[in-house]
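Heads up: the structure comes next, in structure tokens.
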Amino acid sequence: DQQVKQNSPSLSVQEGRISILNCDYTNSMFDYFLWYKKYPAEGPTFLISISSIKDKNEDGRFTVFLNKSAKHLSLHIVPSQPGDSAVYFCAASGGSQGNLIFGKGTKLSVKP
Amino acid sequence: NAGVMQNPRHLVRRRGQEARLRCSPMKGHSHVYWYRQLPEEGLKFMVYLQKENIIDESGMPKERFSAEFPKEGPSILRIQQVVRGDSAAYFCASSPLYKTGNTEAFFGQGTRLTVV
């Protein structure tokens, strides 16, 4: 059973527009959420995180929103750039989980 | 300050051979995690280790797979008698805390295992 779900395997966005990547989770014990970015043939790199005590965290062009009642988080990238093209993984931890649980990823393509 | 170092980057093994994947965590990190990514899949947790201890191996296949993180040296993920289905990218991550909550885990570049 997937505890962290990214239901969109891919997303295509025009350069300069907003990219919105979504993630749902089922385990109410998760208390920390992260987004990782992964280029082909490289390891995931940390992008941004949010604690369950917050509903928003912003870092430059990247903002993560958390809706605990809906068990949903999203990553907004504004404005999107071609260099943002990568696979984005949502991850969660907390409760009895001492490790990160990842979603399957969303492949973002930003077209010039 | 080197990041998480994994070697080899690519490993080719014939069916039935053993595969050894190495991971040196970031300096100051005493917690190591191994993940596997199958083609078209996300990252699946395998095992979480602290120095000389396996904390959580709930994601490890019951047979042929083992992991260690000795007091000295890198963490090793060992796969005995490899089969074609073991072909995947294996990623190691490290963190300084018991739980990754409130801090991110840093990943290595992965080892791509191909079983022929």
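Protein sequences appear in the order of chains A and B. So in the numbering used here, spot 59 of the first sequence is number 144, and the numbers just go up one at a time. So in the numbering used here, spot 2 of the second sequence is number 7, and the numbers just go up one at a time. Each residue gets a CB set at the ideal place from its N, CA and C atoms; glycine is no exception.
For S206/A, the nearest candidate out of K192/A, M114/A, V195/A, Q99/A (CA to CA):
The structure shown has nothing for residue 206/A, since chain A only spans 86 to 197.
Beta carbons nearer than 7 Å to chain A: which residues of the stretch 43-57 of chain B have them?
E46, G47, L48, F50, Y53
Would you mind sorting R19/B into buried or exposed? The rule is 16 or more other CB atoms within 10 Å of its CB.
exposed
Can you pull out the residues from the stretch 67-82 of chain B whose beta carbon lies closer than 7 Å to at least one beta carbon of chain A?
none
CA-to-CA distance, W120/A to Y173/A, given in whole angstroms
7 Å
Identify every residue that forms a DSSP beta bridge with A94/B.
Q42/B, R117/B
Beta-carbon within less than 8 Å of N184/A's beta-carbon, same chain only, minus the 5 sequence neighbours each way: which residues are those?
S178
Please confirm if E127/A has its CB atom under 9 Å from at least one CB of chain B.
yes
Within the stretch 50-96 of chain B, ranges of the beta strand (DSSP E) (whole runs, at least 3 residues):
58-61, 70-73, 80-84
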